[in-house]
Amino acid sequence: MATIDRRATTLALAHALSAAERGLAVIPLSRTKLPALRSPHRDDPDPRPCHGECGRFGHGVYDASTEPRRIRELFAAAPWATGYGIACGLHPHHLIGVDLDTKSDTDSSAALRELALRHLFTIPDTVVVLTPSGGRHLWLSGPPDVVVPNSASRLAPGIDIRGAGGYLVGPGSRTEHGVYGTAPGTSRLAPAPCPPELLRLLLPPPPARARHPAPSASERQGQGLVQFVLAAHEGQRNTRLFWAACRAYENGIGPRLITPLVQAAVRTGLTEREARSTIASAARMTPPSDRRH
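If you want it as structure tokens, here you go:
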């Protein structure tokens with residue numbers, strides 16, 4: 003059973019209620035930085051996805067709330083909680099967390115500065131939370147119609163992103179490694195808007211366009227015959243159309259090319275009736291043995 007530190011829980015609740023007053027939805031966390039309340043479906047023989055529709059606590063960020071009464075109920079259900087998490091991606095701030103880690107061998111702060119120089123953006127003055135391990139969490143706000151996914155070291159080594167479905171450990175939380183706190187001069191700031199250039203880097207790449215197979219030799223030939231007809235000048239329209247239709251039938255693509263050839267001939271000035279008559283003449287002139295369908 004988790005050890006209960008009533009003073010730490012009381013302080014965590016106070017900090018959580020203060021964050022909620024600023025529009026930040028919160029949940030109780032344990033000393034391990036994980037949600038303090040376990041899933042009510044953990045022992046179900048056939049658990050189904052549930053985001054709190056069952057009405058019980060224990061659904062991680064889906065329990066998050068800005069309502070003081072609900073927050074008190076959450077902490078009452080988890081008297082061992084010593085911290086609180088702030089859900090990202092929710093109205094009104096649509097919070098994005100940039101986690102500059104210190105555990106990797108790289109300098110994550112330098113990596114972020116390099117990205118800023120390369121992509122021409124600056125990190126605005128915003129809330130900065132200092133972690134017990136020496137890392138930093140930068141709070142930014144995103145557009146309401148953009149979903150920023152969570153990622154680990156995708157932006158650069160040592161830089162994790164907390165977006166929709168993720169959470170940040172709130173300042174004032176006590177963990178088994180120490181206490182989280184805001185950097186001097188940033189506690190009263192609102193999360194600054196995420197620079198557009200940085201936001202583009204945080205979003206997943208657009209899906210690759212479907213690769214269409216290269217046209218076959220007969221398709222390329224058909225396109226060439228249509229272009230041959232389209233290039234006709236007055237006085238040579240029927241002649242070009244007849245020649246193209248003969249070649250089409252000789253190569254077994256005449257029936258498939260009737261409509262494109264008629265449309266091309268009409269664009270050069272022939273009537274549809276004239277074009278179809280010319281193509282029919284070409285079909286009659288082509289030896290039956292050459293009509294490969």
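Taken in order, the sequence shown gives residues 3 to 295; the numbers are from my numbering.
Here a beta-carbon is modelled for each residue, glycine too, at the ideal position from N, C-alpha and C.
Model, not experiment: these values are computed from the prediction.
- By the neighbour-count definition (other C-beta atoms within 10 Å, threshold 16), residue 115 is an exposed residue.
- Spanning the alpha carbons of residue 203 and residue 229 requires a straight line of approximately 44 Å.
- By alpha-carbon distance to residue 276, the top candidate from 17, 76, 240 and 97 is 240.
- Under the DSSP definition of a beta bridge, residue 184 partners with 131.
- DSSP places residue 155 within a strand segment (E or B) once states are collapsed to three.
- Within the stretch 189 to 268, the complete alpha helix (DSSP H) runs of at least 4 residues fall at 198 to 204, 219 to 232 and 239 to 252.
- Residue 89 sits in a strand when the DSSP states are folded into three classes.
- Taking C-beta separations shorter than 7 Å and ignoring five residues to either side along the sequence, the partners of residue 53 in its chain run 61 and 64, following chain order.
- Residue 200 and residue 157 have their alpha carbons spaced roughly 10 Å apart.
- The C-alpha of residue 127 lies about 21 Å from the C-alpha of residue 23.
- With a contact defined as Cβ atoms closer than 8 Å, residue 143 and residue 95 qualify at about 5 Å.
- Nearest neighbour of residue 13 by Cα position, chosen from 82, 150 and 59, turns out to be 82.
- For residue 272, DSSP records no beta bridge to any residue.
- The stretch 175 to 186 makes no contact with the stretch 96 to 114; the number of CB pairs closer than 8 Å stays below 3.
- Within the same chain, and ignoring the five residues on either side of residue 27 in sequence, the residues whose Cβ sits closer than 6 Å to its Cβ are 66, 67, 68, 89 and 92.
- Counting along the chain, no alpha helix (DSSP H) covers residue 95, and no H or E run does either.
- Separation of residue 209 and residue 149 (C-alpha to C-alpha, rounded to the nearest whole angstrom) is 16 Å.
- The DSSP-derived three-state label of residue 15 is helix.
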